[in-house]
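First the structure, in the form of structure tokens, and then the observations on it.
Residue numbers (my numbering): 52 to 240.
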């Protein structure tokens, strides 16, 4: 818990996670133009991390990039699926805890929601591993599931009145449907 409460340690862990996923994105080779675009986006996210602003953008972007890196390790380096699922559980639990702290969600229910969030993301990883769609589409689906869960956290648990949960759920479901319709089925990369 000291890693989560100390501001510098929290920023370092998020920076290492961002650097690891950016390095994996460069190693998997999507083309120099795409890599440069993502490098610029990740530089902006790095500013968000060290400025501790827009935690939603930080969590969504790290969700996408971490999922892409984990799927890259699954396919390129042929790691066992249980190792990838364990890494996903650890990474996404940390990201959810970071968002809980930034949103000032306290209480005994926090651990229940943390376990539920980790289970949903791990099951989504497992479910998507059975389909032959590209890791970019899988990562987008994971990021959209994280977006829907964060919408649940901010509207239902925290009690935000400016948005309702159905706006998060409908937009995430619509984008997941678009991602699945436009996916290249059968090609891994």
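Quick reminder that beta carbons are idealized off the backbone N, C-alpha and C, glycines included.
Burial state of residue i, where buried means 16 or more other Cβ atoms lie within 10 Å
i           : result
residue 204 : buried
residue 163 : exposed
residue 206 : buried
residue 151 : buried
residue 194 : buried
residue 110 : buried
residue 85  : exposed
residue 96  : buried
residue 198 : buried
Under the three-state DSSP convention, the category residue i falls into
i           : result
residue 104 : coil
residue 188 : helix
residue 280 : Because the chain in this structure spans residues 52 to 240, residue 280 falls outside the shown range and cannot be described.
residue 156 : coil
residue 80  : coil
residue 58  : helix
residue 130 : coil
residue 182 : coil
residue 233 : coil
Whole-number beta carbon distance between residue j and residue i, since they are thought to touch under 8 angstroms
i           : j           : result
residue 113 : residue 68  : 6 angstroms
residue 147 : residue 165 : 6 angstroms
residue 196 : residue 171 : 7 angstroms
residue 227 : residue 192 : 6 angstroms
residue 93  : residue 73  : 5 angstroms
residue 37  : residue 126 : In this structure the chain extends from 52 to 240, so residue 37 is not present and cannot be described.
Original post:
Quick one: any contact between the segment 113-124 and the segment 172-191, if contact means 3 or more CB pairs under 8 angstroms?
Top reply: With a cut-off of 8 angstroms on Cβ pairs, the segment 113-124 is in contact with the segment 172-191, counting three or more such pairs.
**OP:** Mind the definition here: the segment 129-136 touches the segment 92-104 only if three or more C-beta pairs lie below 8 angstroms; say whether that holds.
**Re:** In short, these stretches do not touch, since the Cβ pair count stays below three.
**OP:** Please determine if the segment 190-206 and the segment 220-229 are in contact, where contact requires at least 3 C-beta pairs separated by less than 8 angstroms.
**Re:** With the cut-off at 8 angstroms, the segment 190-206 and the segment 220-229 touch.
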